[in-house]
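What follows is a short report on a single structure.
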Amino acid sequence: MNASDHLDGLARALTAAGWPTPARYGNVPAVLLVFASGRSVGVSVKAGTGGVPWFVSSNQDPLRPCHDLAGTVVEIEARLGTSATLSVRPARRRVLGRLGKLRRPFG
Numbered sequence: 003m004n005a006s007d008h009l010d011g012l013a014r015a016l017t018a019a020g021w022p023t024p025a026r027y028g029n030v031p032a033v034l035l036v037f038a039s040g041r042s043v044g045v046s047v048k049a050g051t052g053g054v055p056w057f058v059s060s061n062q063d064p065l066r067p068c069h070d071l072a073g074t075v076v077e078i079e080a081r082l083g084t085s086a087t088l089s090v091r092p093a094r095r096r097v098l099g100r101l102g103k104l105r106r107p108f109g
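First residue of the sequence shown? That's 3 in the working numbering, and the numbers climb one at a time after it.
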């Protein structure tokens with residue numbers, strides 16, 4: 003797998019969680035941007051210890067290994083902050099509700 007493949011997987015996981023994620027694969031290195039409430043996190047892929055690929059932030063802080071998509075989403079949400087996470091939830095609930103994925107407590 004190359005960096006774009008790993009970033010595509012992360013983009014799918016972030017989109018499912020309700021985050022807008024424009025990709026900039028023409029850049030070197032390839033970058034996935036995550037936006038919320040006037041803040042953003044840029045994510046790229048870098049080889050870690052033993053050649054294991056890791057997601058890293060735009061300031062080269064390691065996030066999580068590329069195989070840990072769920073953990074990476076949580077890490078990105080933490081970096082964007084609580085207010086950004088809360089702002090994305092209503093839209094996510096509307097989308098999931100339309101797809102019939104939300105359980106209605108009273109039938």
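The C-beta atom is built at its ideal place from N, Cα and C for all residues, glycine as well.
| Check | Outcome |
| --- | --- |
| Mind listing, in chain order, the continuous beta strand (DSSP E) runs of no fewer than 3 residues lying wholly within the stretch 14-92? | 33-38, 41-49, 55-59 and 64-67 |
| Can you name, in chain order, every residue of its own chain whose Cβ lies under 6 Å from the Cβ of Gly-50, other than the five neighbours on each side? | Trp-56 |
| Can you tell me the Cβ-Cβ gap for Leu-71 and Val-45, rounded? I've got them flagged as a contact below 8 Å. | That pair is no contact at about 11 Å. |
| Please identify the residue among Met-3, Ala-5 and Trp-21 whose C-alpha is closest to the C-alpha of Val-76. | Trp-21 |
| Could you check if His-8 is buried or exposed, using at least 16 other CB atoms within 10 Å of its CB as the buried criterion? | buried |
| Work out the CA separation of Val-47 and Pro-31 for me, nearest whole Å. | 8 Å |
| Just the Cα atoms here: how many angstroms apart are Pro-67 and Leu-12? | 11 Å |
| Report yes if the C-beta distance between Ser-42 and Leu-35 is below 7 Å; otherwise report no. | yes |
| Once the 5 residues before and after Thr-17 are set aside, which same chain residues still bring their CB inside 8 Å of it? | Thr-23 |
| How many Å lie between Thr-74 and Ala-25 at the Cα? | 16 Å |
| Measure the alpha-carbon distance for Asp-63 versus Arg-14 and round it to whole angstroms. | 22 Å |
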